[in-house]
Structures are given as structure tokens and as C-alpha cells.
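Numbering (this note's numbering), first residue to last: 0 to 825.
Listed below in C-alpha cells is the structure:
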């Protein structure tokens, strides 16, 4: 999808994007870049018909006016992204109603992951065995994993957010919506841009861009960006910091147009991060006087070990942290207790390894041949990423709960699109085929108070799809657009690496010389039925006579060492009908269906008979919309009213120490959105948006305990609102001065499916403002601004496991920060 903002007056390129107006301040002059040279020429030649610029999008694989497209879209140009100081894809959510994106992953210390929800549909788990609920696409290429989804915004042409299931035209896993990111393409004009920025926490950013027309048919565009700043959370144990920025990204693209009909673009990109783990705050620490905690699960009452007890009584704290039946003394720094809760979200006593390394590179080739009324397009891509993610869950100087993700995955995709129109544009169509191959692994060592073991495993996924969508113009005013997609997916998971490497209970009980947990694995993994002691003082404990099986070599596997697979074959239809009441008013109704494949839970302890799996989830959406332009195009207002029926909802619940994905049941999401732009004068542009969601469970599956019909959806605030204003104070022979301001509001929401009270974020508002001066030569621009003016420290994500893990941790937003930026363009 691409977006073009048409305007006729270069001095008045004041963009209207998607946010709310703080009366006198502002946010974004409206230069937009066409996705290709021909579209750019068309944009320059088009004549403005009023105060607001025309917005052209390709949400349906063809260029059309956004106001005539029966899809709920929020679109932002590259100029808007720069002016709003949007540094990564998560920040675009502040300008789109009913969109919630956070730059963290629950149960993760990764600085390169995100959690995305649109209209109440998303996913909180970042593991490679779980697909995201919102699809992210870069230049038409699907980004398969949540880790690596936190894209940096350098030299971006446009970003679009499509709300609701997009299961017909876009790759895969667009059950909640799609985020489309398009980079600027090489052009036939020489271009040079340089930028340097400083600010809070020793910020030092450098960006450079060059576009070179090598010949009449070949052009090259290259961009490089290095961003660094100190972490905003202090580590009291070693004097280090968490939550920093140290990222290099680059992209080189070549565009070849040997004829007017054929275009080929070859691009390569890289992102290298050497950062600390995200800023994680210990909210609560809960010690236990007893080793075993009685925990209720969907399958009954089970005794799980306490990590804090194991450390204090069996580990390094043994002999100095109290006897069994006693809590560890808070005064003793050699023990794990509530003494390590700092009470300040910007400080932590975490003492584990402090890193979040990320390496990604990719290459894609896009070729298009225009036959006239029909065009054929091919998108071929390969992406490879490696990351090492440390997560100190206990938040203390001691090694009690330490996790390390070693993600190493690659993906290869191929898409063919045949787009065109026939019968004098009466019938327009998009026909396509798609294939995605993904392979890799995440071997995750975990250090707990009672055992050391490996989680994770290897994945091998294939996804095939074919789609067809067409628009038939019944009359000059009435059109109907049906579409359908067939998807055939196979997901494979090999958990053979999951073994217990050290059992701290070894030798404590005479029948179990190797330890209770290793013996549990012998009595469960690979057995036809659990071999447990039926009665007596050790009832429920493993039978000491259990021996290893063929699928449990070594006797210490937590899952059978065999590959498992999940298959899904689904049809996802969509249909919309739109009617052009007048030149300025269009209405539409639509029906669409989306699905997201199931998968496997990779976090297992102490052992299970079989690899736990979850089924696909489905969303069926009904929508009514109205798109209007009023007062001679001085006011644009778009409204959407929708209802989504959500079934087999994939949610994350705790089972002892292991957070697992379960199918939660059925839900319904009802809501509306109002968004648009206003140009009351030639020097002022205002963007606004309001979203409302009423999401609730209609039924809950027993395996989703403790979630029930009264539980609230995670990451789904009832209200979101945004306003941005852009005021050109003067524009003449003395240069140009632009003031910008924005406001974003979100009502209260939980950050996990089980509604942990520690992870409830009350309603909050965030303000930002900046001022830019461009000299008369139009070469230099100086921008100064402040983000999060009110220093609102809102909760972004976290994880709670007080019974077994003994801790509740969370990540909070960045504090108020100032910045100063100098840009030069040739």
C-alpha cells in the first residue's frame, strides 16, 4: 500500500495525518512522497481543490483516493513522521484511534520487539512459536516475528494502518490489522540530506541520505542512521544502565527502468543493535516459607516449587536466610526478599547480564511490468535475524530467575500480483499468490532457584496462499468489492533441546538422587500415562523406579524429543459495498474474516507428556463507514462503526512457572472511530481521532483459567483520542517558522490476559511540542522540542508470577526528554 498527498502549492505542503488539536501548537507540514516516480509526477501536476490535500492510497493494490476507499485507514507521510519525531513503528500508534503498540514484549528484555493491538486484536507473546496478531509489512514484505518488529523510521515514504482483518490481500496474520511501511525509492533527481541531533541522556543521532541518478535508466538511493543515548534506568548493583539506544541501520536501493513498462528495484537493509536490556522495574517480590506452592491450573491443583525458597534455603542463601517455615530476613543482603524493591521505576537492583543484541539483514527484489490495463508484479525477499536477549526477572543482585533468548531465524517469501482493470474500468481486480518459508530456533537457557534448564526449540514453517479481489462498478455511484483468500499453513516445532541441566533438589530426598524434577521428567515424558506415587506421604511424587524412554534420551527432557506440527487450511472472504452519495460524501458497509494459525507453547517446566499446542483463532468483522469532506475541503471527517466476533482467542496464562498460550474462548468487540483533518486557515492544519472499544468475553474455555467472562482484554483501552496541530507562523523572505504540538490519551487497561492488578495502567495523557525554523535558502532546518512534556510514566508491559517465580516486573515509558536537531538538504 502506498499513500500520496496531492497538493499544488509547494509553500503550503501542510500535512494532515491522524491526531487531535492542542489549539495553538502543532505537528506536521505535509510533504508526502509518492511511492514511485510516475506517481510523484502525478502528485506534482495535480491541482488542489481546497484547503486539504487529496490523499491517494493503494490499500486495494491500486492507486485511489482514500476518501473513496471503503477501508478504515490512517495514513502518514514521511514528512509527518519526521515532524512528529516518530523514531520507530510503535510510536505511530499515538496518531491512530483504537491502535495500541508498545515497544516491549511481555516476559522479554528485548529492545527490538513490540506488542501490537488494533481494534482489540493482537498478541502479547513474543516467542517464535507464536505469530503476531497484527501484520507488519515493509515495502510489501511481511515481518514474521515480534522480535525485529520495532522498525526504525529512517527515510520513510509513508506509513499506513489498516484496521480490522485484512485477510484477503495481505500476506498472512493480518487478523487484527496491518501496518504498512514504505521506504522512499530511488529517483532521477540528485538528493542529499544530513541530520544531527542531541538531547536528553547524552543523545547523539546522525543520519545521512544520498540519491544519485547513475544513468537515464538507473538510480541509487542510500541511507544510514546511527542513534545512541544512555539508558534511563540506573542499575544500583553495578552502576550500569538499562533502556539505552545504540542502533545502526542502513539501506541501499537500486531502481532500474529500462523501458516505460518495466521497473525493477533491488534493495538491501541492515540493522545492528548493541543495547542494554529494556528498563524493567521490580514491582513486587514475594518470598515463601515453603518449597512447594499449591497452584490451581486448568487441570487441577498442582504443587510447584518456589524460586525464592529454593535460593534462600537450598542455594546460595542456605544457612543464612532462615529455616524452612520461615521467611528470609529482609535485612540480609545475601537473601532474596522485598528489600530489592527500590520504589523508583528508574532504578533497579538487577544484577544479571545486561544486553539486548540484535542483528538483521535483508534483501528484496521488486519487479513490475505494465501491460497497459494490466500489470504484473513480483516481490521476492529474504530476511535473516539473530538476537541475544537477557531478562533478569527477579530484579535482584542474585541469580534467581535469569532468562536468555537466543533467537536465530530466517524467512524467505515470494509474492506475485496481477492487477488491472477491464471493460472501461468497470471491473478492477487484484489476483495474487504468496509463499513464506521460515526456519530457525530459540534455544533458551533458564536459571531458576530450584533448577537450571533449557526452553525453546526449532521451527520450520511453510505458508501458501492465493487471493482474488475485484471491484465491480454497478453504477457511477455504486460499487461492490468481493474478495477471497485461501491459506495453507504448516508449522513445525522440535523441542528436543528442552532438558534439565541441573536439579537443585538432588540428594534432598533419598529416593531421588538426581533430583525430584529430573525424576518427574522420567515419569512423564514419553510415558503412556504419568507414573506417579498413588498414595502415602509422597503421593503425587514421581515413582523412583521410572526409567527413560526412547523419546526421552538421558531421562532429563521436559518434552518428548520429537518434532510436532500444526496445519491449517482456511478460506477468508471479504466483501464491501460503497455508495458515493455526493462528490464529498461516501458510505460503505463491509464484511471480512481473518484467522491466525495455532502453534505450540515452548515454555515447559518441570515436564509434560506431550508438547502443548493451541488452535487457530478467528475474527469476523462487520463495519459501516462514512467518509466526508466538508466546507470546500476545509474539514475531513471519517467515521466507522464496527463489530467483531472473536473466537478461539489466543491468550497467555500462567501454569505454575510457565506462561503458556491457550485458546481462551469467544469474545465480541464493538466500537467506533472518528478521525480526520481540518484546515480552518491556510496556515493551520489540525489532525484528530477518537476511538471507542467495548471488548468482552462471551464464553471462556476452562483451560484458560484464571481468565473468566468478567476478565478484561489485555492491551485494549476503552477510549483512545489524539490531536495534532501544525501552525506556520511565517513563511517568506525571512525563512519559515512552524510550531507543532500533539496530545494522546488512552483510558485504563490491563497488560496481561489474567488481569494482574500489578499490570493495570490507569488512564493517561501524553503531550509533545516542537518548533522548526528553516532558513531562506531552504537548505537548513533547526528543530527543538520536548517529548512527553508532562513526564507521564505509563506502563508498557510486564509479567507477574508471584507464586512460583516470586516476582512481578514491568516496563515503563521513557521520561520527559528534550532534543535539538539540525538538518541540511541539498
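Just so you know, even glycine gets a beta-carbon here, dropped at the ideal spot from N, CA and C.
Counterpart residues of residue i in DSSP-defined beta bridges
i	result
residue 737	727 and 771
residue 467	430 and 483
residue 385	358 and 407
residue 687	675 and 722
DSSP three-state assignment for residue i, whether helix, strand or coil
i	result
residue 373	strand
residue 718	strand
residue 419	strand
residue 113	coil
residue 803	coil
residue 521	helix
residue 94	helix
residue 65	helix
residue 81	helix
residue 31	Below a pLDDT of 50, predicted positions are generally treated as unreliable, and residue 31, at 32, falls in that range; the measurement from the model is reported next regardless. Residue state, collapsed to three classes: coil.
residue 509	coil
residue 703	helix
residue 307	helix
residue 669	strand
residue 261	strand
residue 70	coil
residue 228	strand
residue 51	coil
Limits of the unbroken beta strand (DSSP E) element including residue i
i	result
residue 134	134-137
residue 118	Counting along the chain, residue 118 falls outside any beta strand (DSSP E), and DSSP gives it neither H nor E.
residue 326	Note, residue 326: premise wrong, no beta strand (DSSP E); not H, not E.
residue 85	Element bounds for residue 85: n/a, residue is neither H nor E.
residue 617	616-629
residue 758	No beta strand (DSSP E) contains residue 758, which DSSP labels as neither H nor E.
residue 604	Element bounds for residue 604: n/a, residue is neither H nor E.
residue 251	244-255
residue 128	Neither: residue 128 is in no beta strand (DSSP E) and is coded neither H nor E.
residue 560	Segment: none, residue 560 is in no beta strand (DSSP E) and carries neither H nor E.
residue 195	190-198
residue 637	634-646
residue 782	779-786
Residue from the options with nearest C-alpha to residue i
i	options	result
residue 655	804, 616, 699 and 361	804
residue 218	234, 438, 512 and 186	186
residue 645	59, 84, 50 and 119	119
residue 564	488, 605, 517 and 535	488
residue 696	709, 481 and 86	709
residue 166	59, 210, 395 and 701	59
residue 105	402, 268, 377 and 624	402
residue 157	328, 524 and 179	179
residue 363	381, 371 and 129	381
residue 607	67, 173, 499 and 367	499
residue 371	324, 406, 566 and 423	423
residue 360	286, 546, 383 and 113	383
residue 123	63, 754 and 68	754
residue 653	681, 680, 702 and 636	702
residue 182	267, 234 and 129	267
residue 87	150, 70 and 103	150
residue 408	108, 128 and 793	128
residue 670	716, 436, 503 and 486	716
Residue environment, residue i, which counts as buried when at least 16 other CB atoms sit within 10 Å
i	result
residue 14	Bear in mind that the predicted position of residue 14 carries a pLDDT of just 31, short of 50, making it unreliable; the figure below should be weighed with that in mind. Buried is the call here.
residue 778	exposed
residue 159	buried
residue 570	exposed
residue 390	buried
residue 811	buried
residue 509	exposed
residue 683	buried
residue 605	buried
residue 450	buried
residue 747	exposed
residue 324	exposed
residue 337	exposed
residue 678	buried
residue 544	exposed
residue 57	buried
Range covered by the alpha helix (DSSP H) that runs through residue i
i	result
residue 152	Here residue 152 belongs to no alpha helix (DSSP H), and DSSP marks it neither H nor E.
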